[in-house]
Structures are given as structure tokens and as C-alpha cells.
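Contents: one structure, followed by commentary.
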Amino acid sequence: MLPGWLSPWVRDLADVTLTVLVVIVVLKVLFRADMLVPLVVVTSDSMVHTPGDNDWHSWMVDHGLTEEMISSFPMKSGFNMGDMILVKNPRAELGDIIIYERDLDHRHFSSNDPIIHRVVGVVHVEGYEIGAVEGTLDCMNDQSMMRYVDMVRACQDKNGECPYTRYPKDGMFKLFITKGDNNEGSDQCSSRLKIAYPVNDAQVTGRALVRLPYVGWLKLILNFVLSIPLLIFKILTFQV
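Position in the sequence shown counted from 1, then plus 1378, gives you our numbering.
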């Protein structure tokens, strides 16, 4: 039998754990996100909108997106580092903000966290051929996009190098061009930092639905605190 002084703590912990599990299950059922917990903490300023700065809008217009397209986009005010985003099912369209897993060739950055950026271009692939294109391809064209169609096919056939951990199972899928609203270019074409290949729809784990301001700072602070012992260990063992 548990000590009397311990039982209330155990009961409280069990209650909290059960509540969290119920919330997770309910959120997954309601929003059908392809992830364990349908909540994402924003860890960078790539989607920040500075008051009076309309560069994100100008970039899209300069790259061929119409005012009608842009006006229908969700979350046109962006969001900030430390916000938490409630996500829903991963069926994404032009203008949606998606959460996607990095491909294997772009996991050498300081963080391998999933990326949460806006879809600015969509390529519809039909029978492993380029079909309709929506939005912008930025620096790419139909011919260069075929390279990534072939990559997906190589993954499916287990033939050659596969940069994707998740990929479509047949020849009908989408490839996305993505961009942080606050970044100078798309994830695939930025002159400063390319962080992803065109994103296939199997990489997408969710779509942003609701912004919860500041809620994610608790996790960011906790991650920082927990990283201090590891940093000290690396310094002491000359690994930094």
C-alpha cells in the first residue's frame, strides 16, 4: 500500500494525466491532425508580421498571386515566436499554413523541429506528370519540379536515394512551395537559406487552425532550462 502522504499526490498526478490524455484524444478526433498532439509551439520569427510592414503581401503579388487569392488566405496577421498553434487535418491548399517534416537532406540545421510555413505554390502531380499549378513556383519551373517527382518515385520503388521519410504511395499527389511570411524568399529558393525541397503532401502533418498567443513560451523556457545541463556537460568534455 502507498504511504498516506503519497496517495493524494499520486491521485492528483493521475487526474492530471488522465485529463491531458482525454484532451489529446478529443483534439485528435475533432481536428484529425496527423500528429500525436495537435498543438505546435512556434520556435522562430519566420511568420511574424511587423505593423506597417507589408513585404509579405508585396512578395506574393510580385510572384503572381492575385489579390483575390491572398484575401482568402487564413491567418493574414501571421503569428509570433512563443505562440501555440492548434492544428487540424493535413489536407492543404494554396495559402494554408502547414506543419511539415523536414526532408533528410535538410536536417543538418540546429533544430530538426517541423516547419510551420505558408503554402505559396501547389503543383498537382497526376500519374507522375506535372498537372495544374497554383500560385508561384518561385525560382522553379515544371522541368525542375520533375526532379522531385522522380525523387518520390524513387522512394516508392526503393530504387536509389530517398530524401523523404514520408512520401505518397502512388502517382497522384501534390508538391508544395512554402514560405515564412517574414522570410525574404521561399523555403526552396531563398538566396540566404534553402531549408527544404518542395514538400510532398505526405510530409504535411497538419494545418494551422487557431493561434493561442504566448502559450508556447512555457515549453520554450522549459526546453532552455533542460538544455543547460547538457551544454555544461559538452563544455566540460570539450564537445563545444
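All C-beta atoms in this analysis are idealised placements derived from N, C-alpha and C, irrespective of residue type, glycine included.
Is it the case that the Cβ atoms of residue i and residue j are separated by a distance below 8 Å?
| i | j | result |
| --- | --- | --- |
| valine 1500 | alanine 1586 | no |
| serine 1564 | aspartate 1491 | no |
| threonine 1514 | histidine 1435 | no |
| glutamate 1479 | glutamine 1566 | no |
Ends of the alpha helix (DSSP H) at residue i?
| i | result |
| --- | --- |
| isoleucine 1599 | 1595-1614 |
| isoleucine 1448 | 1445-1449 |
| valine 1426 | Neither: valine 1426 is in no alpha helix (DSSP H) and is coded neither H nor E. |
| cysteine 1533 | 1520-1535 |
For residue i, list the residues DSSP reports as bridge partners.
| i | result |
| --- | --- |
| tyrosine 1592 | For tyrosine 1592, which the question treats as bridged, DSSP gives no partner whatsoever. |
| tyrosine 1478 | Ile1493 and Val1582 |
| leucine 1417 | Leu1464 |
| glycine 1513 | Gly1499 |
| isoleucine 1573 | The partner list for isoleucine 1573 (beta bridge, DSSP) is empty, contrary to what the question assumes. |
Express the C-alpha separation of residue j and residue i in angstroms, rounding to a whole number.
| i | j | result |
| --- | --- | --- |
| isoleucine 1555 | leucine 1614 | 43 Å |
| valine 1426 | glycine 1456 | 6 Å |
| leucine 1604 | proline 1546 | 37 Å |
| threonine 1444 | aspartate 1483 | 33 Å |
| lysine 1572 | asparagine 1467 | 26 Å |
| isoleucine 1610 | phenylalanine 1602 | 13 Å |
| asparagine 1561 | threonine 1421 | 14 Å |
| tryptophan 1511 | histidine 1495 | Checking the sequence, you will find valine at residue 1511 rather than tryptophan. One C-alpha to the other measures close to 19 Å. |
| valine 1498 | aspartate 1579 | 14 Å |
Along the chain, where does the beta strand (DSSP E) that runs through residue i open and close?
| i | result |
| --- | --- |
| methionine 1550 | 1550-1557 |
Would you please state the rounded distance, in angstroms, between the beta carbons of residue i and residue j? I believe it to be under 8 Å.
| i | j | result |
| --- | --- | --- |
| proline 1452 | aspartate 1474 | 7 Å |
| tyrosine 1575 | proline 1541 | 6 Å |
| methionine 1462 | valine 1593 | 4 Å |
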